[in-house]
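Residue numbers (the numbering used here): 1050 to 1186.
Below, the structure written as C-alpha coordinates:
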(Lines of atoms letter the chains of each structure in order from A and count residues from 1; the text may use other names and numbers.)
(Lines give C-alpha, C1' and ligand atoms only; values in the text may rest on other atoms or scores of the structure.)
Protein backbone atom coordinates (compact mmCIF):
# COMPACT_ATOMS: atom_id res chain seq x y z
CA UNK A 1 0.00 0.00 0.00
CA UNK A 2 2.85 2.32 0.78
CA UNK A 3 5.64 2.63 -1.80
CA UNK A 4 9.16 3.10 -0.52
CA UNK A 5 10.75 6.50 -0.95
CA UNK A 6 14.51 6.42 -1.33
CA UNK A 7 14.89 10.07 -2.40
CA UNK A 8 13.41 11.60 0.74
CA UNK A 9 10.66 13.44 -1.15
CA UNK A 10 7.30 14.01 0.45
CA UNK A 11 3.87 13.28 -0.96
CA UNK A 12 2.42 9.83 -1.36
CA UNK A 13 5.82 8.15 -1.12
CA UNK A 14 6.94 7.18 2.36
CA UNK A 15 9.82 5.27 3.92
CA UNK A 16 9.27 1.67 5.00
CA UNK A 17 9.26 2.81 8.63
CA UNK A 18 6.61 5.44 7.90
CA UNK A 19 4.55 2.84 6.05
CA UNK A 20 4.52 0.61 9.12
CA UNK A 21 3.15 3.50 11.19
CA UNK A 22 0.54 4.32 8.55
CA UNK A 23 -0.52 0.67 8.30
CA UNK A 24 -0.87 0.44 12.09
CA UNK A 25 -3.22 3.43 12.15
CA UNK A 26 -5.23 2.21 9.17
CA UNK A 27 -5.55 -1.24 10.72
CA UNK A 28 -6.79 0.30 13.97
CA UNK A 29 -9.40 2.61 12.47
CA UNK A 30 -10.20 0.20 9.64
CA UNK A 31 -11.33 -2.66 11.83
CA UNK A 32 -14.99 -3.52 12.19
CA UNK A 33 -15.76 -1.47 15.31
CA UNK A 34 -13.23 1.31 15.96
CA UNK A 35 -14.68 3.87 13.55
CA UNK A 36 -18.16 3.34 14.93
CA UNK A 37 -16.93 3.79 18.50
CA UNK A 38 -14.87 6.86 17.53
CA UNK A 39 -17.88 8.31 15.73
CA UNK A 40 -20.17 7.83 18.72
CA UNK A 41 -17.63 9.29 21.14
CA UNK A 42 -17.16 12.22 18.77
CA UNK A 43 -20.58 13.40 19.91
CA UNK A 44 -19.54 13.38 23.57
CA UNK A 45 -18.82 11.35 26.69
CA UNK A 46 -20.67 8.05 27.05
CA UNK A 47 -20.95 5.29 29.60
CA UNK A 48 -20.22 1.73 28.50
CA UNK A 49 -23.88 0.69 28.24
CA UNK A 50 -24.78 3.85 26.31
CA UNK A 51 -21.96 3.17 23.90
CA UNK A 52 -22.99 -0.48 23.52
CA UNK A 53 -26.56 0.58 22.69
CA UNK A 54 -25.37 3.14 20.15
CA UNK A 55 -23.11 0.73 18.20
CA UNK A 56 -25.46 -1.76 16.57
CA UNK A 57 -24.38 -5.38 16.76
CA UNK A 58 -21.29 -4.99 18.94
CA UNK A 59 -20.90 -7.52 21.74
CA UNK A 60 -19.83 -6.55 25.23
CA UNK A 61 -16.52 -8.36 24.70
CA UNK A 62 -15.77 -6.62 21.39
CA UNK A 63 -16.66 -3.22 22.81
CA UNK A 64 -14.35 -3.85 25.76
CA UNK A 65 -11.49 -4.93 23.47
CA UNK A 66 -12.05 -2.01 21.08
CA UNK A 67 -12.13 0.54 23.89
CA UNK A 68 -8.95 -0.92 25.41
CA UNK A 69 -7.11 -0.67 22.08
CA UNK A 70 -8.31 2.88 21.47
CA UNK A 71 -7.30 3.81 25.01
CA UNK A 72 -3.90 2.15 24.51
CA UNK A 73 -3.42 4.17 21.31
CA UNK A 74 -4.25 7.37 23.20
CA UNK A 75 -7.47 8.05 21.29
CA UNK A 76 -9.91 7.36 24.13
CA UNK A 77 -9.87 8.34 27.80
CA UNK A 78 -11.52 6.15 30.43
CA UNK A 79 -12.67 7.69 33.70
CA UNK A 80 -13.69 5.51 36.64
CA UNK A 81 -15.71 7.19 39.38
CA UNK A 82 -15.26 5.66 42.87
CA UNK A 83 -18.94 5.24 43.64
CA UNK A 84 -21.26 2.28 44.15
CA UNK A 85 -22.27 1.01 41.70
CA UNK A 86 -19.12 1.88 39.73
CA UNK A 87 -19.50 4.51 37.04
CA UNK A 88 -17.15 4.42 34.03
CA UNK A 89 -17.21 6.97 31.23
CA UNK A 90 -15.41 7.08 27.90
CA UNK A 91 -14.57 10.07 25.76
CA UNK A 92 -12.23 10.93 22.93
CA UNK A 93 -8.99 12.41 24.17
CA UNK A 94 -7.85 15.72 22.70
CA UNK A 95 -5.53 13.61 20.55
CA UNK A 96 -8.43 11.32 19.61
CA UNK A 97 -10.49 14.30 18.45
CA UNK A 98 -7.82 15.01 15.81
CA UNK A 99 -8.87 11.88 13.93
CA UNK A 100 -12.46 13.08 13.47
CA UNK A 101 -11.71 15.34 10.48
CA UNK A 102 -9.82 12.78 8.35
CA UNK A 103 -12.29 10.04 9.32
CA UNK A 104 -15.23 12.27 8.37
CA UNK A 105 -13.52 13.13 5.07
CA UNK A 106 -12.96 9.44 4.34
CA UNK A 107 -16.57 8.60 5.24
CA UNK A 108 -17.86 11.36 2.97
CA UNK A 109 -15.61 10.12 0.14
CA UNK A 110 -16.93 6.57 0.60
CA UNK A 111 -20.54 7.78 0.51
CA UNK A 112 -19.92 10.00 -2.52
CA UNK A 113 -18.28 7.22 -4.54
CA UNK A 114 -20.08 4.12 -3.25
CA UNK A 115 -22.02 3.66 -6.50
CA UNK A 116 -18.82 4.06 -8.55
CA UNK A 117 -17.11 1.45 -6.39
CA UNK A 118 -20.09 -0.89 -6.72
CA UNK A 119 -20.10 -0.46 -10.52
CA UNK A 120 -16.35 -1.10 -10.71
CA UNK A 121 -16.73 -4.28 -8.64
CA UNK A 122 -19.58 -5.53 -10.81
CA UNK A 123 -17.61 -4.82 -14.00
CA UNK A 124 -14.56 -6.60 -12.57
CA UNK A 125 -16.62 -9.62 -11.47
CA UNK A 126 -18.27 -9.77 -14.89
CA UNK A 127 -14.87 -9.75 -16.64
CA UNK A 128 -13.62 -12.46 -14.31
CA UNK A 129 -16.65 -14.63 -15.05
CA UNK A 130 -16.24 -14.14 -18.80
CA UNK A 131 -12.54 -14.96 -18.60
CA UNK A 132 -13.27 -18.18 -16.74
CA UNK A 133 -15.89 -19.18 -19.32
CA UNK A 134 -18.78 -18.99 -16.88
CA UNK A 135 -21.68 -16.80 -17.90
CA UNK A 136 -23.72 -14.88 -15.42
CA UNK A 137 -27.49 -15.28 -15.57
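Where is the CB? At the ideal position from N, CA and C, for every residue including glycine.
What's the call for residue i, buried or exposed, on a 16-neighbour Cβ count within 10 Å?
i, result
"residue 1053", "Note that residue 1053 scores 49 on pLDDT, short of 50, meaning its location in the model is unreliable and no value can be drawn from it."
"residue 1112", "buried"
"residue 1069", "exposed"
"residue 1166", "exposed"
"residue 1155", "exposed"
"residue 1132", "exposed"
"residue 1150", "exposed"
"residue 1196", "Past the edges of the chain, shown from 1050 to 1186, lies residue 1196, and the structure says nothing about it."
For residue i, which residues from the same chain have a beta carbon less than 6 Å from its beta carbon, with the 5 sequence-adjacent residues on both sides left out?
i, result
"residue 1107", "1082"
Based on DSSP bridge pairs, tell me the residues matched to residue i.
i, result
"residue 1136", "1130"
For residue i, which residues in the same chain have their Cβ closer than 8 Å to its Cβ, ignoring the five residues on either side in sequence?
i, result
"residue 1123", "1142, 1144, 1145"
"residue 1103", "1089, 1095"
Residues in its own chain within less than 7 Å of residue i by CB, not counting five upstream and five downstream?
i, result
"residue 1109", "1101"
Practice item. Determine contact between the region 1135–1144 and the region 1171–1180, defined as no fewer than three beta-carbon pairs at a distance below 8 Å. Key: no
Practice item. Report yes or no: do three or more beta-carbon pairs, one from the region 1090–1098 and one from the region 1140–1150, lie closer than 8 Å? Key: yes
Point to revise | Three CB pairs or more closer than 8 Å across the region 1070–1086 and the region 1114–1121 | key: The answer is yes - the region 1114–1121 touches the region 1070–1086, with three or more Cβ pairs under 8 Å.
Point to revise | Uninterrupted beta strand (DSSP E) stretches inside the region 1083–1160 (no shorter than 3 residues) | key: The DSSP assignment places 1125–1130, 1136–1141 as complete runs of the beta strand (DSSP E) inside the region 1083–1160, in order along the chain (cut-off: 3 residues).
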